[in-house]
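Residue numbers (this note's numbering): 53 to 268. All C-beta atoms, glycine included, are put in the ideal place defined by N, C-alpha and C. Computed from a predicted structure; not experimentally measured.
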Amino acid sequence: MPPTIAIDGPAASGKGTLSKRLAAHYGFAHLDTGSLYRAVGLSVLWAGGDPANPEMALAAALALTPESAILVHPGLRGDDAAQAASQVAAVPAVRAALLDFQHSFVAQPPGGKGSVLDGRDIGTVVCPDAPAKLFVTASMEVRAERRVKELRGAGQDVSLQTVLADMKARDERDSQRAVAPLKPAVDAFVLDTSVLDADQAFAAACAVVGAKIGPV
Ligand code: DC
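This is the structure:
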């Protein structure tokens, strides 16, 4: 099995940026697993359904393939897709369907060298045997400020208060759900990026991952 680097953490912790950089550094394929849940949530919204409806959410999850155009749709990054993702993610059958998707990616990553997966349950459920695991986090305030900057950069007019409230709701749902809740794996290195910039976080991550899987 090609090696996998498992990266978990809450929204706007910096795990996405870090995962992409690690993937480029090691020449591994990157899978942003949040985009799978976002695609399922958005499909249900587009069909006029309720993302909390298990049947609709499961049908959308089963229809998702690596070639699905929705996986690269700009609408995936919106806050409605994020909230819908968090709702479909609490449906056990949806998680089971997306587990198959993720296991196929890990077994045969594009390029064949290895993979970096980022999400909420990679180190705990999807790849419990991954040789390197990071749990990337930051304070709620720092994360909300980062998300505001990102959304405003994308031309959206948002307030810090709204983003903070949405983030709290999502964190709570993601960490309290019965199946695969957001939590660090016992063998994960917890990397707090509250006072680190992207370069510092990358350097710290490389040191941890390099010690586990060796140099590039
Ligand atoms: O990382 P993100 O913000 O794109 O994730 C969107 C939602 O998907 C998140 O609120 C919870 C869910 N998710 C999950 O339950 N498990 C994952 N491995 C990835 C995301």
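Counted as a single uninterrupted DSSP element, the stretch harbouring I59 is not any alpha helix (DSSP H) but the beta strand (DSSP E) occupying residues 56-60. Setting aside the 5 residues that flank it on each side, P106 is surrounded in the same chain by V143, each with a C-beta closer than 6 Å to its C-beta; the list follows chain order. D209 sits in coil when the DSSP states are folded into three classes, being neither helix nor strand.
G166 and S227 have their C-alpha atoms roughly 28 Å apart.
Annotated three-state conformation of G171 is strand, per DSSP.
Within its own chain, the residues whose Cβ lies closer than 8 Å to the Cβ of L150, once the five positions on either side in sequence are excluded, are T85, L88, Y89, V92, A113, L116, listed in chain order. Cα atoms of A145 and V177: separation of roughly 14 Å, rounded to the nearest angstrom. If you ignore the 5 residues before and after P161, its C-beta comes within less than 6 Å of the C-beta of P54, A81, S167, all in its own chain and listed in chain order. Inclusion of I174 in the 7 Å shell around ligand 1 follows from its C-beta lying nearer than that to a non-hydrogen atom of the ligand. Relative to ligand 1, T85 has its C-beta within less than 7 Å of a heavy atom. Nearest neighbour of L83 by Cα position, chosen from M108, D60, A133, A253, turns out to be D60. For L110, the closest of V96, I122, A230 by C-alpha to C-alpha distance is V96. Close CB contacts of P183 within its chain, under the 6 Å cut and outside five residues either way in sequence, are with P55, K264, I265 (chain order).
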